[in-house]
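These protein sequence lines are chains A and B, in that order.
Residue numbering for the first sequence follows UniProt numbering, beginning at 1 and increasing consecutively.
Residue numbering for the second sequence follows UniProt numbering, beginning at 1 and increasing consecutively.
Even glycine gets a Cβ: it sits at the ideal position worked out from N, Cα and C.
Quantities reported herein were computed from a predicted structural model and do not represent experimental measurements.
First the structure, in the form of structure tokens, and then the observations on it.
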Amino acid sequence: MSLNGQVPNGSAQAPIEIPSLQTVIGINFGNSFASIAVLTKEGLAECIANEDGERQIACAISFHGEETYIGNEAKQQLVKNSANTIIGFRNLLGKKFSELPKDRSTSSAPVIQHPEVPDTPAYKVQVLLPAPSPLSPAASSLQTPRTNNTPAASQFATPRSEPIPAERVLTPADVTTLFLRSLLQSAEAFLGKPVDGAVLTVPGWFAPVQLEALREAASAAGIRVLQLLEDAGAAALCASANVSTIATTDVGPDRTQLVVDLGASSSSLSLLAVRQGLFHHLTQPAHHLEDVGGDVIDDRLLKFFAKDFTKKTSVPLKVAPAASDAVADLRAEARLRLALLHTKRTVAASSVGSGSSTATCAVESLKDGLDYTGSINRMRFDMEAAPIYASVVARAGELIQRAGLDWVQVDEVVYAGGSSCLPGLDATLAVRLRKNATTPFFTGTVAGGGIGDPTTILARGAALQARLLAEIGGGTAVEDERVRKAFEHESEHVEVKATARTIGVLFPEAAESGGLGGQWIGGIQAETAVPARRTYALEVDLGEYDVGGEKLVGLEVWEVKEGVKVEKVKPPKDEDEAPESEDEDEEEEVEVAERTISKEVYLGALAVRARQGRKRGSGWRASIEVQFLIEASGKLQVSAYETGNDGTKDVIVLG
Amino acid sequence: MTMGDIITLPVVPLPPPSDWKQEPSQGNSISPFVERKLIPVGPAYLAHVRRVVHDLSFEEHDKHVEEVEKRRRNLEQEEDEDDLGVGDEEETEDILSLDPKEWKKQDHYEVLGLSHLRYKATPEQIKIAHRKKVLKHHPDKKAGAVGSSNDDAFFKCIQKAHDVLTHPEKHRQFDSVDPHYDLLDTDVPTAQQVTKARDPNSAFFKLFAPVFEREARFSRKQPVPLLGEYSDSKEKVEGFYDFWYNFDSWRSFEYLDKEVNEGSDNRDDKRYTEKKNKAERARRKKEDTARLRNIVDVALSADPRIKRIKQEEKEAREAKRKNKTGPGGGLSKTQAEEEKRRAEEEAKAKEESEKTAKAEAKKAKAAAANAAKKARRAARAEGGGAEAS
Numbered sequence: 001m002s003l004n005g006q007v008p009n010g011s012a013q014a015p016i017e018i019p020s021l022q023t024v025i026g027i028n029f030g031n032s033f034a035s036i037a038v039l040t041k042e043g044l045a046e047c048i049a050n051e052d053g054e055r056q057i058a059c060a061i062s063f064h065g066e067e068t069y070i071g072n073e074a075k076q077q078l079v080k081n082s083a084n085t086i087i088g089f090r091n092l093l094g095k096k097f098s099e100l101p102k103d104r105s106t107s108s109a110p111v112i113q114h115p116e117v118p119d120t121p122a123y124k125v126q127v128l129l130p131a132p133s134p135l136s137p138a139a140s141s142l143q144t145p146r147t148n149n150t151p152a153a154s155q156f157a158t159p160r161s162e163p164i165p166a167e168r169v170l171t172p173a174d175v176t177t178l179f180l181r182s183l184l185q186s187a188e189a190f191l192g193k194p195v196d197g198a199v200l201t202v203p204g205w206f207a208p209v210q211l212e213a214l215r216e217a218a219s220a221a222g223i224r225v226l227q228l229l230e231d232a233g234a235a236a237l238c239a240s241a242n243v244s245t246i247a248t249t250d251v252g253p254d255r256t257q258l259v260v261d262l263g264a265s266s267s268s269l270s271l272l273a274v275r276q277g278l279f280h281h282l283t284q285p286a287h288h289l290e291d292v293g294g295d296v297i298d299d300r301l302l303k304f305f306a307k308d309f310t311k312k313t314s315v316p317l318k319v320a321p322a323a324s325d326a327v328a329d330l331r332a333e334a335r336l337r338l339a340l341l342h343t344k345r346t347v348a349a350s351s352v353g354s355g356s357s358t359a360t361c362a363v364e365s366l367k368d369g370l371d372y373t374g375s376i377n378r379m380r381f382d383m384e385a386a387p388i389y390a391s392v393v394a395r396a397g398e399l400i401q402r403a404g405l406d407w408v409q410v411d412e413v414v415y416a417g418g419s420s421c422l423p424g425l426d427a428t429l430a431v432r433l434r435k436n437a438t439t440p441f442f443t444g445t446v447a448g449g450g451i452g453d454p455t456t457i458l459a460r461g462a463a464l465q466a467r468l469l470a471e472i473g474g475g476t477a478v479e480d481e482r483v484r485k486a487f488e489h490e491s492e493h494v495e496v497k498a499t500a501r502t503i504g505v506l507f508p509e510a511a512e513s514g515g516l517g518g519q520w521i522g523g524i525q526a527e528t529a530v531p532a533r534r535t536y537a538l539e540v541d542l543g544e545y546d547v548g549g550e551k552l553v554g555l556e557v558w559e560v561k562e563g564v565k566v567e568k569v570k571p572p573k574d575e576d577e578a579p580e581s582e583d584e585d586e587e588e589e590v591e592v593a594e595r596t597i598s599k600e601v602y603l604g605a606l607a608v609r610a611r612q613g614r615k616r617g618s619g620w621r622a623s624i625e626v627q628f629l630i631e632a633s634g635k636l637q638v639s640a641y642e643t644g645n646d647g648t649k650d651v652i653v654l655g
Numbered sequence: 001m002t003m004g005d006i007i008t009l010p011v012v013p014l015p016p017p018s019d020w021k022q023e024p025s026q027g028n029s030i031s032p033f034v035e036r037k038l039i040p041v042g043p044a045y046l047a048h049v050r051r052v053v054h055d056l057s058f059e060e061h062d063k064h065v066e067e068v069e070k071r072r073r074n075l076e077q078e079e080d081e082d083d084l085g086v087g088d089e090e091e092t093e094d095i096l097s098l099d100p101k102e103w104k105k106q107d108h109y110e111v112l113g114l115s116h117l118r119y120k121a122t123p124e125q126i127k128i129a130h131r132k133k134v135l136k137h138h139p140d141k142k143a144g145a146v147g148s149s150n151d152d153a154f155f156k157c158i159q160k161a162h163d164v165l166t167h168p169e170k171h172r173q174f175d176s177v178d179p180h181y182d183l184l185d186t187d188v189p190t191a192q193q194v195t196k197a198r199d200p201n202s203a204f205f206k207l208f209a210p211v212f213e214r215e216a217r218f219s220r221k222q223p224v225p226l227l228g229e230y231s232d233s234k235e236k237v238e239g240f241y242d243f244w245y246n247f248d249s250w251r252s253f254e255y256l257d258k259e260v261n262e263g264s265d266n267r268d269d270k271r272y273t274e275k276k277n278k279a280e281r282a283r284r285k286k287e288d289t290a291r292l293r294n295i296v297d298v299a300l301s302a303d304p305r306i307k308r309i310k311q312e313e314k315e316a317r318e319a320k321r322k323n324k325t326g327p328g329g330g331l332s333k334t335q336a337e338e339e340k341r342r343a344e345e346e347a348k349a350k351e352e353s354e355k356t357a358k359a360e361a362k363k364a365k366a367a368a369a370n371a372a373k374k375a376r377r378a379a380r381a382e383g384g385g386a387e388a389s
């Protein structure tokens, strides 16, 4: 626009574009697999497939001649081109060469000391560089002015000479950049527009230097990193994104959540307090199990199939670890490992769907030109995986104990990572959990890419977080910047105070003699970050009531201590069981744990005079709302009133 | 977290025991807080940070969230695709069972679900309506349905209707002979209907206003002066009749042409049909012009405004004359006498005005005949010109 507000004739000024919403994605960048999630029109996060149709994109890069393979096709190269194939590079980000364990045998390109930069890990791969292009005929004719004696130069371009073999040294950061760039390309190809920002998931145990290295690698790949989000946070966010829509579960907004992240190379366990959308660890740091993961299950399965192969063909095959000098064994192991991926998926699918209970494993020319086709049934599979499950459960038990809790106090389990799809783990955990605890398998949200699908939950959680960050605005620039800063690592805002004990109200009841002496309602749970507010609505029985009259509803405010009572009881006799069963006589006592509440501190009492009683069935009811408000200063305010009738409000303020 | 997040509990506590008393607190306080580290994730954390950064209490934050929510909803509503009032019309059995071969007989507006708009439908509305119908009736959508396989007859009808209504020339031709108005066109109110009505003044406007509104769509000149109301000025009324007696219509009747027999290559045959069609078109055009003129004639004869205007003119004249002679004796006369005289005068004026109205009507009729003659001549000239070219 010109000065006087008129558009001068012939000016080609672009119209002012209305800033549309940013395009953001979530990337789960694991050590073995990565996945990408985008936001759909409906506002849901959805995991997308890359160009090869893979939702689980293997974190692998392979160099073969002039070609560079990224993702699952790079993994195939492990068989014949293992020296030029790089896997497991994420965990090396930001690490010094001297910090790395030396004794690790690997089936891929070995980690070496960088030839130039001191104390830096690197990979050395053989590549073919394209030969420099020969001079164009035009250029050459310029240099040699043609005389009448010389014949005319050929019109055809000089053919390129053979590519030159070369060595390429890549640091883990370089590899990460290459890999993340390919992820970004996949996302942009899917969305059809450039991506404005992304949230990347990182393990909770990543040190600040590692986070910084990842952030730099991502920036180099052209990704604007909105946040590096802890895995457990992404899983918890995704799992609770629409808890309210699942009608069958009885998880409230305040619950204790166990996040089991069972990946391929390692796994981690976190115990979170979920308090109306606010998450914090009950134990710091989260359990990182480096020796438990899908690869360990793979090793056991490899041994099983190798034994089966030997039995069927009488060809000796030593795997996991393979005989280090036998190339045939190494290749066979690599082939078998790739085939196992399919076998494991079949097993996982059969557990949630109605597939057959056996999974096959087929490898062509496994060793000495012999093909192998074998199968494993569900029971055998569970047997092989049982030690891994048991160690996960044992470590989870340790974690819960460290938080001063008991298994019965875990309200919900959330799974993340591909290996937690496997059947059996949930069943093993469920034994320890209380009956009505929620797991994604229990609610049936695993199958068909449901909300609890462990393979995609991290990416989807990251995408949801990315949208949240992209939508920050509405305040002044300074304020928005402060809000954005709050999502950065080690922000001052994450430091909060939390309540130590549960505060709630007790409705004294005449009929109730034992226990607490009435109906208990936990208002603000222990481990709730302050400031906090909770409002509960409920109906109370009024007993005798006259229309237009007044009836007293009494509430006592208590601080309570939650505990667990363990009782040894005999299991109830099963009527259906055959009476001749021998076990019946030597019945073992089973420990049954139960949550208990004991009143500790009396904080006061509230009285509401209900005036709007309604007839319900045989009795009279009134609707009551109780609100708890606790401030950062420690001030507690509990108010109770009849719904829609402020005149009946009764408040106590403490502290 | 907003006030909307009220947690409803399924428990129903029983009434307190009769001896329950509201005991005051003994000065106890809650246990000291513990230090925790939140995971910076999720909307609740954002709300938590916002409350700290903007220094808001829970209630203030609630209000803020509500406002943001409201603004977003408004935005979404604005962004919601506006169908420009095309809406969804019910599709009757008759419409759905149309034969695409008989497309000339179908009501294209009804097929596209635009029968409430008709000639008023804009190109955008036609486009939207067509898209809506296609989404619903595309054969691909019905591919899986049992029994209705290969039944794309109605889809063809939709495409035909779209072809006609998006082509400006064809659209005009169809509008000229829109079957929907056939009945209405023949049902023109008569002068008797007006005079016999309980309240002739309002009945006239009620009966004739929609007729003129309907006819106005054919005018080349827009906007068209419409009937107006009883209190219109003389200039306005005269302008109205002037316009309608010299109505310039774009209505044409090509749509009703008989198809040239497709099988025949006979040039003479073709020429013959074309000639016949042309003659038919001209005949229809003539009929249409006559029809419109008739309507205007009837309206003029029944128009209460003409009477009113004559009356007013007469009164004005009277007043003028009186003013000339009046100032001599008018002053000395008593009130009663004056009133009596006025009543007499009024009666007289009424009689006279009726007479003049009749004369005026006669005059107007003559003028109309004149105009019609002119129109006929013009049409002939036009036809002649067309033939010549």
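Boundaries around B/N294 are those of the alpha helix (DSSP H), 267-302, since no beta strand (DSSP E) includes it.
In the structure shown, the three-state DSSP call for B/P139 is helix. Within the same chain, Cβ atoms closer than 6 angstroms to the Cβ of A/K75 are found at A58, A60, the five residues on either side in sequence being excluded.
The Cβ of B/E67 sits no closer than 7 angstroms to any Cβ of chain A.
Not a single C-beta of chain B is nearer than 7 angstroms to the C-beta of A/Y69. By a beta-carbon distance limit of 8 angstroms, A/A217 contacts A/A173. Their separation comes to about 5 angstroms.
When secondary structure is reduced to three states using DSSP, A/W205 falls in the coil class, being assigned neither helix nor strand. Neighbourhood of B/S31 in chain A, by CB distance below 7 angstroms: A500, R501, E559, in chain order.
Contact check for B/P16 against A/G554 passes: the beta carbons are separated by less than 7 angstroms. Secondary structure note for B/V111: its alpha helix (DSSP H) is the uninterrupted segment 108-111.
Per DSSP, A/Y389 is one residue of the alpha helix (DSSP H) stretching across 378-402. Taking the C-beta atoms as reference points, A/V319 is found nearer than 7 angstroms to A/A306.
Every beta strand (DSSP E) stretch that sits fully inside the stretch 271-312 of chain A and reaches 3 residues is listed by chain position as 278-281, 287-289. Annotation for A/E562: the continuous beta strand (DSSP E) segment containing it runs 551-569.
For A/A362, the beta-bridge partners assigned by DSSP are A/T373. Interface with chain B (7 angstroms Cβ-Cβ cutoff): A/T120 is excluded.
Distances from the CA of B/T186 to each of B/L114, B/L96, B/A290 were compared; the closest alpha carbon is that of B/A290. Classified as buried, A/N91 has 16 or more neighbouring CB atoms from the shown chains inside 10 Å of its CB. Annotated as proximal: B/F174 and B/V164, with beta-carbon spacing under 7 angstroms. In terms of CA proximity to B/A369, B/L292 leads the group B/Y109, B/L292, B/D178.
Using a 10 angstroms sphere on the CB of A/A359, the tally of other CB atoms reaches 16 or more, which defines it as buried.
Here DSSP, grouped into helix, strand and coil, assigns A/Q465 to helix. Taking a cut-off of 8 angstroms for Cβ pairs, the stretch 46-57 of chain A and the stretch 182-190 of chain A touch, as three or more such pairs fall below it. One finds H280, H281, Q284, V494, E495, V496 in chain A with Cβ atoms closer than 8 angstroms to the Cβ of B/K37, taken in chain order.
Taking A/G473 as the centre and dropping the five residues before and after it, the same chain places the C-beta of D480 closer than 8 angstroms to its C-beta, in chain order. Flagged as an interface residue toward chain B: A/V483, by a C-beta distance shorter than 7 angstroms. What B/L9 touches in chain A, judged by beta-carbon distance under 8 angstroms, is I521, Y536, A537, L538, going in chain order. Runs of the alpha helix (DSSP H) lying entirely within the stretch 53-139 of chain A, each at least 4 residues long, are 72-76 in chain order. Looking only at A/L422, A/G543, A/L469, the smallest Cα-Cα distance to A/K615 is reached by A/G543.
Boundaries for B/V12: no beta strand (DSSP E) harbours it, and the DSSP string shows neither H nor E there.
Chain-ordered listing is empty here: chain B has no CB closer than 9 angstroms to the CB of A/E216, the nearest sitting near 21 angstroms. Residues of the stretch 215-241 of chain A whose Cβ lies closer than 9 angstroms to any Cβ of chain B, in chain order: Q227, L229, E230, A232, G233, A234, A236, L237, S240, A241.
Using beta-carbon distances, A/E212 does not count as an interface residue toward chain B, since no partner is under 7 angstroms. Counting C-beta pairs with one atom in each stretch, the stretch 408-427 of chain A and the stretch 256-264 of chain A have three or more that are closer than 8 angstroms, which means they touch.
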